[in-house]
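Written below as structure tokens is the structure these notes are about.
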Amino acid sequence: MAAMMSNSFGRKGNSRLPPEVNRVLYVRNLPFKISSEEMYDIFGKYGAIRQIRLGVANDTRGTAFVVYEDIYDAKNAVDHLSGFNVCGRYLVVLYYQANRVHKNMDVNAKQQEISQLKARYGVE
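Numbering (the UniProt record's numbering), first residue to last: 1 to 124.
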């Protein structure tokens, strides 16, 4: 009975996903004026969404994080929305990988920036 139920949703109980697959997606090349509601309309077609965070700072505009409730829904969204055209822009949908983000961050530059801000505001 359980095998029938899992197959009825298009999933195999013993199917294995690649290690980079997770529930959190990183989306790039979004139109700057896209709203959260439009994001929910686009990404909600592939499953229940826990959270969407749109980038609003100058260096994060045009990006978003989409967190799905289920890992299979996230995989389905990546498979269908990578290259999807939104207002003349083709989406880049990737699995979020925290270890890659931290490797790319320039730690020394960030420490210098923090030191300068502390000096400016007199914080120790």
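For every residue, glycine included, the Cβ atom is placed at its ideal position computed from N, Cα and C.
By the C-beta density criterion, Arg16 is exposed, having fewer than 16 other C-beta atoms within 10 angstroms.
The residue from Phe84, Ser115, Tyr121, Arg120 with its alpha-carbon nearest to that of Pro31 is Phe84. Straight-line spacing of the CA atoms in Tyr95 and Gly47 works out to 16 Å. Annotation: the continuous beta strand (DSSP E) that includes Arg50 extends over 49 to 54. Per DSSP, reduced to three states, the secondary structure at Phe65 is strand. For the pair of segments examined, the stretch 36 to 50 was found not to touch the stretch 108 to 118: the number of CB pairs separated by less than 8 Å stays below three.
For Tyr26, the secondary structure class from DSSP, reduced to helix, strand or coil, is strand. The C-beta distance from Ala77 to Tyr68 rounds to 7 Å, short enough to fall under 8 Å. Around the CB of Arg120, fewer than 16 other CB atoms lie within 10 Å, so the residue is classed as exposed.
Here Val86 carries a strand assignment [DSSP, helix/strand/coil]. Counting along the chain, the unbroken beta strand (DSSP E) around Val93 starts and ends at 92 to 95.
In its chain, beyond the 5 residues on either side, Gly47 have a beta carbon closer than 6 Å to the beta carbon of Asp70.
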